[in-house]
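Using the working numbering, the letters of the sequence shown correspond one by one to residues 883 to 1042.
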Amino acid sequence: RSTLSSSSAASDVYKRQAIECLERTIELNGACANPWSHKGFALSALGDHKQAMVCLNKALDLNPNYPNGWTNKGSVLHRVGKYRKALVCYEKALIISPNHKSALQGKQEALVALKTDAELKKQILEYIARNIHLFPEEKLKILPTDLIIAIKFTIHHLDD
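Structure follows, in structure tokens:
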């Protein structure tokens, strides 16, 4: 138990150090979207989702065609349970970069979280098939247990 706590504390220290480095990078070149996006993602990992969104919005203001910015924003929205908004962000990333691995996986996970209607259920199967086709070497990573359950649920209820 104490090992997990100290491991988590060490991880937080590294995240805070990363944020400090990103802040220095932003001081040197605040017009670059990349450090703003990474800072936002790191802040979210520390639980500061509100400030994370400020950073991610800044990144996307600087470069609205930055797929990693959209994917990171989608991840933060996903963490706070705003799955439909996360889905919109993942879709924007995929418009810019159709095979963006993290956006594909994020969209897939958001669809699983939303799995409420037949159309979304069909989309889940389409994205699973696409991910397996694009990244066959990572089938086990792409198909976590909750996704396998969602697939079974989807197949069982697809005609509802």
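Virtual Cβ for every residue (Gly too), placed ideally from N, Cα, C. The structure displayed is predicted, hence computed values, not measured ones.
Notebook entry, point to check: Using the rule of at least 16 other Cβ atoms within 10 Å of the residue's Cβ for burial, across every protein chain shown, is Ser893 buried or exposed?
Noted result: Looking up residue 893 in the sequence shown gives position 11. By the neighbour-count criterion, in which 16 or more other beta carbons inside 10 Å mark a residue as buried, Ser893 falls on the exposed side.
Next item on the list: Can you say whether Tyr896 is buried or exposed, counting buried as having 16 or more other CB atoms within 10 angstroms of its CB?
Entry: Taking the sequence shown and counting its residues from 1, one reaches residue 896 at position 14. Burial call: exposed.
Note to self: Does Lys983 come out as helix, strand or coil in the three-state DSSP assignment?
What the structure shows: Reading the sequence shown from its first residue, position 101 is the one you call residue 983. Reduced to three states, the DSSP call for Lys983 is helix.
Note to self: I need the DSSP call for Gly951, collapsed to helix, strand or coil.
What the structure shows: Along the sequence shown, read from residue 1 onward, the residue named residue 951 stands at position 69. In the structure shown, Gly951 sits in a helix (DSSP, three-state: H, G or I).
Note to self: Taking 6 Å as the cut-off, is the C-beta of Phe923 nearer than that to any heavy atom in the ligand MN?
What the structure shows: This structure lacks the ligand MN, and indeed carries no ligand of any kind.
Next item on the list: Determine, using beta carbons only, whether Leu996 and Ala985 come nearer to each other than 7 Å.
Entry: Numbered from its first residue, the sequence shown carries residue 996 at position 114. Numbered from its first residue, the sequence shown carries residue 985 at position 103. Not in contact: Leu996 and Ala985 (Cβ atoms no closer than 7 Å).
Next item on the list: Would you give the residue range spanned by the alpha helix (DSSP H) that Ala913 belongs to?
Entry: Residue numbering aside, residue 913 sits at position 31 when the sequence shown is read from its first letter. No alpha helix (DSSP H) contains Ala913, which DSSP labels as neither H nor E.
Check: Does the separation of the CB atoms of Leu925 and Gln933 fall below 7 Å?
Finding: Numbered from 1 along the sequence shown, position 43 holds the residue referred to as residue 925. Numbered from 1 along the sequence shown, position 51 holds the residue referred to as residue 933. Between Leu925 and Gln933, the gap from beta carbon to beta carbon is short of 7 Å.
Checklist line | Between the CA atoms of Val994 and Glu905 - distance to the nearest angstrom | finding: The residue you call residue 905 lines up with position 23 of the sequence shown. The residue you call residue 994 lines up with position 112 of the sequence shown. Whole-angstrom Cα-Cα distance: 35 Å.
Notebook entry, point to check: Is DSSP giving Gly963 helix, strand or coil here?
Noted result: By one-based count along the sequence shown, residue 963 stands at place 81. DSSP places Gly963 in coil when its eight states are reduced to three.
Checklist line | For Leu928, the three-state DSSP class (helix, strand or coil) | finding: In the sequence shown, counting from the first residue as 1, residue 928 sits at position 46. When DSSP states are grouped into helix, strand and coil, Leu928 belongs to the coil group.
Note to self: Within 10 Å of its beta-carbon, does Glu991 have 16 or more other beta-carbons around it, so buried, or fewer, so exposed?
What the structure shows: Looking up residue 991 in the sequence shown gives position 109. Label assigned to Glu991: buried.
Item checked: Under 7 Å between C-beta atoms of Val970 and His931 -> Start at 1 with the first residue of the sequence shown, and residue 970 comes out as number 88. Start at 1 with the first residue of the sequence shown, and residue 931 comes out as number 49. Contact: no.
Check: Is Lys897 helix, strand or coil by DSSP?
Finding: Counting from 1 along the sequence shown, the entry for residue 897 is found at position 15. Note: Lys897 maps to helix in three-state DSSP.
Check: Which whole-angstrom value is the C-beta distance of Ala915 and Gly951, which I expect to be below 8 Å?
Finding: As a working mapping, residue 915 is identified with position 33 in the sequence shown. As a working mapping, residue 951 is identified with position 69 in the sequence shown. The beta-carbon distance between Ala915 and Gly951, rounded to whole angstroms, is 6 Å. This is short enough to meet the 8 Å contact definition.
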